[in-house]
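All remarks here apply to the structure that follows.
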Amino acid sequence: EKDENSVWSKPDMAKAFKPIVCIETWATYSSKEKDDEHDYVDRNDTQIRRFRTGAKGQPYWFLGYSFQIQLDRLGQDGYSSTKGSYGGIDVWNAYVTAKLLRKSDLLNLQAGYFWAATSRQFNTSPWAVSGFDKSRSCWYLRSFTTGKGNGIESGIGLGGVKNWKGFGINYRVGVYEPEAFACPDNSSRLVTGRLMFTIGDPEQSKYKYMLSGNQWRERKGITIAVGGSNLNDGCINESVYFKNAQTYGADIAIDYNGIRIDGEYYKMKRTSEELLDFTGTEMHVCVAYNVIVSNKFIEPSVTYDYFKGEGSSELFKHIGDDATWDLGVNWYLNKDRLKLAAHYLIQSGSAASRVGNYAGLALQFRL
Amino acid sequence: EKDENSVWSKPDMAKAFKPIVCIETWATYSSKEKDDEHDYVDRNDTQIRRFRTGAKGQPYWFLGYSFQIQLDRLGQDGYSSTKGSYGGIDVWNAYVTAKLLRKSDLLNLQAGYFWAATSRQFNTSPWAVSGFDKSRSCWYLRSFTTGKGNGIESGIGLGGVKNWKGFGINYRVGVYEPEAFACPDNSSRLVTGRLMFTIGDPEQSKYKYMLSGNQWRERKGITIAVGGSNLNDGCINESVYFKNAQTYGADIAIDYNGIRIDGEYYKMKRTSEELLDFTGTEMHVCVAYNVIVSNKFIEPSVTYDYFKGEGSSELFKHIGDDATWDLGVNWYLNKDRLKLAAHYLIQSGSAASRVGNYAGLALQFRL
Amino acid sequence: EKDENSVWSKPDMAKAFKPIVCIETWATYSSKEKDDEHDYVDRNDTQIRRFRTGAKGQPYWFLGYSFQIQLDRLGQDGYSSTKGSYGGIDVWNAYVTAKLLRKSDLLNLQAGYFWAATSRQFNTSPWAVSGFDKSRSCWYLRSFTTGKGNGIESGIGLGGVKNWKGFGINYRVGVYEPEAFACPDNSSRLVTGRLMFTIGDPEQSKYKYMLSGNQWRERKGITIAVGGSNLNDGCINESVYFKNAQTYGADIAIDYNGIRIDGEYYKMKRTSEELLDFTGTEMHVCVAYNVIVSNKFIEPSVTYDYFKGEGSSELFKHIGDDATWDLGVNWYLNKDRLKLAAHYLIQSGSAASRVGNYAGLALQFRL
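Residue numbers (the numbering used here), protein chains in the order written: chain Z, 1 to 367; chain H, 1001 to 1367; chain W, 2001 to 2367.
The structure is reproduced here in structure tokens:
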């Protein structure tokens, strides 16, 4: 609250700094991992799949901030089916959020380095999904949209939420300049948008950029959303320019008495100046059920996700398909702040350089 | 305060850890950017111009520390007139300060990784200047002195302040070993010094390494200073040795009823063993006026800075000139902790690889 | 303490986040530094030998975490006898510790990225040793065991402590997959173990992974320990596979009325598929005496450490010997949280690329 007699806005120091620490450790057993040339030996691996630290705060009623540093995939065996490798410490996200209306959550401005989110999975943190990991299919959508696997870029966005009795809307729009597509001779620009309609209980009562995931048997409601993005005049590298790249699709989330179903279906299209084309599709369906056993939440879940890319590999290098079945159970000791998970994942397809299966145990801890 | 009966010095844990979070986001429109080969397309860009996080503390009355990690230029479009690019997360500074006298601020020892500051601009944080950014001309001075753009190196220094009625002195001296100039066959050493005289109200009442900038209409005073540095027996690379590098100059700051004028003029000289020479000059003048409008501080400002380098590009690669006009207005919501700025910058000259103009909006936030 | 009526485990937020800041600054004078080709000029250097920041916490009675980011050797002159160089900011360690038994410290599970410790020095933090730095000889053991100089890898471990009157045991076992030895065609695995017996006062009253070092004249006791590791089917690079690598040895620590003696002796063996062999030995002895002078702890100390490597340099590239004498005195103002040290080190041998002597002053500060 401002002191009306002062020329200075007074910060609320009690809300100004909350440290962020999130650690997700995995122990996995990989099998049937192979690529075109090798069959890899089955193997165990331990890794810190996600390690994030940073801070967030709301020092002024009208201004908050959040940032995370990431050290993901620490200690990962690059020959295991979980793929990837540690890339050193780096920024994950960093942004400020200005609440433009004092008494409404309908207009919030975001500036900095944050998600260019369009789809439900894109807009959900890894801590909030029922699956063992975020879907592989959405990785392709994020990479296609921004040129980066996490879909985070520097930009400016607006977002808001408004709930009436039994109905609500929730939106995000953003403008970004992805570095991956910058060129000397063009000024490319990415525009994204996402619009959600909720029926029944709201999915968010207060605006937050990322969606909540599990509703802990409390929500009876459905959310239907559409999203998409457009980028003109980008370049992949010095010799490959493209006129236009678009994504669009729809998604849904249903919560009812502990049942939790969500899914999405998004298309990707890119056309070059020489009229080469890329067309891609990504989707997932997740069905989970939350039940209280011995005074703790247990959630069995099944997730299927699928990607397919067709056309010119100069425009997007992932041509072929990629499918994952994920069967598992989550045990929540303190919501998504302390969670144990045991899952089995079956991966297939030709788009990834290697595929393989794995059984995994995860401990997810957030401060 | 020490417990006299204990063998252990007791830390004051309440003062031992204060987190640092500083975020400066920019939205810019670049125009007329060009180099010898290209005219670049005019373009928008959003970026986090400065992102710093770390901590500081004063756990013992005689010992404090401070460190900052930087993630500057996050999401910057390298083809915009603001130039530069994100270089990953890295250390900014890290040092301990020992107060050597209990009842005086005249003798403070600093050890670690900190500024080898000589000039006023060198000794002022970017959060404290009236211009949109720190002057480009001072970048050349810092780079010339230490081989690093931020002028921060490992070293040991002394500094202090002493104020009498209507008069005061303030000094820093330091010894550093810049890595950029280290060689197997020589042991080079950088010595720096800076001495300030204040007339009227003091500029600093308590010793802090960096200067304060805006005095919020409270100071009526003038500060005159001289500074300089010397480095013997350095090397630029394996084949270019130099006998001697020196910088020296003077600067001034005037505060009077909201008027704020500061300027500096520094020379750089380097002579190689083969008697090649480099001579450089850098200066800036900034005029600003602080006025309270609708209960908030508004500061229109004009800054001009200029660099000129002559002689051998083997000794310092920036030969030619570089000039910037900066016209803008700053709106302080909570001193330099929450600031909005709108400026227009005109850059010209031959020393930089590219020049161009830009209009910029900045939001500066510090915890 | 859990709320028995809630489905959620409640975190203790007061214990959930303690920031870590550790800074060790050095000023050194190097002499007689040389390698096969050069005699280096004697030189001064200032550096931040160790800079670590991060956090630890115990949000649940059964679960704690700790992580550190490192920026070691900041500003180091690579031509000084202290060798090494700044390698940028990176993770040091990151792990969670689960206390498996509520009323006993005998069973603690550790998961994440932590030490694969076998010997006493390996299991002691640099803040806790009497010498100016950790022993160079133990660097070889850590590097041999894990392929990394700090001996920290992703893994899972168990550890515990149990003390009876006048006798105690203390152990750690761990399973790791060192990335340095991973190969497509093998699934290598490192198993480590360490078992300590204490007679007299216990060395640890409560389980902590790392050992305590100085006992501040309070302990009368002796600890004898054995440790070792085994790794099968690893590879150094694509063409050098090894069947087996082992380490084993013993160590001792004696504390009596301020006298502090510790030492270790460990062997390393590695055998390739082509029956090439490497055999190494590393040891150290440290004698120190803690005395209270003018109400502060003063500790003169002498340390000697030695490494010898014989056999195939394809299996471990450090062939030859490496010996260091360290004579010095430590002045503890607040245990190992605030310490000044002045030491002289004499290095000799053929295993390191360069050797030289140095006199050093250190200021060690930990929050």
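Glycine included, every Cβ here is placed at the ideal spot set by N, Cα and C.
>> Beta carbons nearer than 8 Å to chain H: which residues of the region 2018-2050 of chain W have them?
In response: P2019, V2021, I2023, T2025, A2027, H2038, Y2040, V2041, D2042, R2043, N2044, D2045, T2046, Q2047 and I2048
> Which partner residues does H:G955 have in the DSSP bridge list?
Replying inline: One cannot answer for residue 955 of chain H here, as it falls past the ends of chain H, which runs 1001 to 1367.
>> Contact criterion: CB-CB distance below 9 Å. Does Z:L363 meet it with respect to chain W?
In response: yes
> Considering only C-alpha positions, which residue in the set Z:W8, Z:A16, Z:A253 and Z:I261 is nearest to H:C1022?
Replying inline: Z:A16
> H:K1034: buried (16+ other C-beta within 10 angstroms of its C-beta) or exposed?
Replying inline: exposed
>> Mapping the DSSP letters down to three states, classify H:P1184 as helix, strand or coil.
In response: coil
> I think H:R1052 touches H:W1092, with their Cβ atoms under 8 Å apart; what is that distance to the nearest whole Å?
Replying inline: 6 Å
>> To the nearest angstrom, how far is the alpha carbon of Z:G78 from that of Z:K103?
In response: 50 Å
> Does the distance from the CB of H:D1336 to the CB of H:A1128 come in under 9 Å?
Replying inline: yes
>> Give me the subset of the region 1227-1239 of chain H whose CB atoms are less than 7 Å from a CB atom of chain Z, sorted by chain position.
In response: none
> Quick one: does W:G2356 have its CB under 9 Å from some CB of chain H?
Replying inline: no
> Along chain W, which residues have their Cβ under 8 Å away from the Cβ of Z:I89?
Replying inline: I2069, I2089, D2090 and V2091
> In chain H, which residues lie less than 8 Å from Z:E274 when you measure between Cβ atoms?
Replying inline: Those do not exist, as Z:E274 stays about 21 Å from chain H at its closest Cβ, beyond 8 Å.
> Opposite H:A1359 in the DSSP bridges: which residues?
Replying inline: H:Y1029 and H:Y1344
>> Check this for me: beta carbons of H:R1050 and H:Q1076, under 9 Å apart or not?
In response: no
> Using the beta-carbon of each residue, which ones in chain H are nearer than 7 Å to Z:E186?
Replying inline: Note that residue 186 of chain Z is Asn in the sequence shown, not Glu. By Cβ distance, chain H contributes V1041.
> Can you tell me whether DSSP reads H:L1141 as helix, strand or coil?
Replying inline: helix
>> Give me the chain Z residues within the contact set of H:A1077, using Cβ-Cβ distance strictly less than 8 Å, ordered along the chain.
In response: It is worth fixing the name first, because residue 1077 of chain H is Asp in this sequence and not Ala. By Cβ distance, chain Z contributes E177, E179 and A182.
> Short check: CB of H:D1321 to CB of H:D1305, under 9 Å?
Replying inline: no
> Who are the Cβ neighbours of Z:E153 in its own chain at under 6 Å, not counting the five residues just before and after it?
Replying inline: A116, T146, Y176 and P178
>> I'd like to know whether the C-beta atoms of W:I1982 and Z:T46 end up nearer to each other than 9 Å.
In response: Limits of chain W in this structure are 2001 at one end and 2367 at the other, which puts residue 1982 of chain W out of reach.
>> What would DSSP say about H:E1274, mapped onto helix, strand or coil?
In response: coil
> Under 9 Å between the Cβ atoms of W:S2125 and W:E2264?
Replying inline: no
> For the region 216-227 of chain Z against the region 188-197 of chain Z, are there 3 or more C-beta pairs whose distance is under 8 Å?
Replying inline: yes
> Of the choices W:Q2204, W:C2286 and W:G2151, whose alpha-carbon is the least far from that of W:V2161?
Replying inline: W:Q2204
> Given that Z:V7 touches chain H, what residues does it touch there, using C-beta distances under 7 Å?
Replying inline: I1292, N1295, K1296 and F1297
>> Looking at chain W, is there any beta carbon in it that lies within less than 9 Å of the beta carbon of H:E1001?
In response: Because H:E1001 carries a pLDDT of 41, less than 50, the predicted location of this residue cannot be relied on, and the following value inherits that uncertainty. Taking Cβ atoms only, chain W never reaches closer than 9 Å to H:E1001, which makes this a no.
> In chain Z, which residues lie with their C-beta within 9 Å of the C-beta of W:I2224?
Replying inline: None at all; the shortest Cβ gap to chain Z is about 31 Å.
>> Give me the chain H residues within the contact set of W:L2074, using Cβ-Cβ distance strictly less than 9 Å, ordered along the chain.
In response: V1091, A1094, G1112, Y1113 and S1154
> Which whole runs of the alpha helix (DSSP H) in the region 2070-2155 of chain W are 4 residues long or more, in chain order?
Replying inline: 2136-2146
> Hey, is W:G2311's beta-carbon within less than 9 Å of any beta-carbon in chain Z?
Replying inline: no
> Is the region 1265-1275 of chain H in contact with the region 1246-1256 of chain H, if contact means three or more CB pairs nearer than 8 Å?
Replying inline: yes
>> If the criterion is Cβ atoms closer than 9 Å, does the pair Z:Y95 and Z:F114 meet it?
In response: yes
> Which residue from W:R2366, W:L2361, W:S2066 and W:G2087 puts its Cα closest to that of W:S2030?
Replying inline: W:L2361
> In three-state terms, what does DSSP make of Z:E1?
Replying inline: At Z:E1, the pLDDT of 42 sits below 50, so the modelled position is not reliable; the number obtained from the coordinates is stated separately. Correct three-state label for Z:E1: coil.
>> Let's see if you can read the secondary structure: which residues bound the beta strand (DSSP E) around W:V2191?
In response: R2189 to G2200
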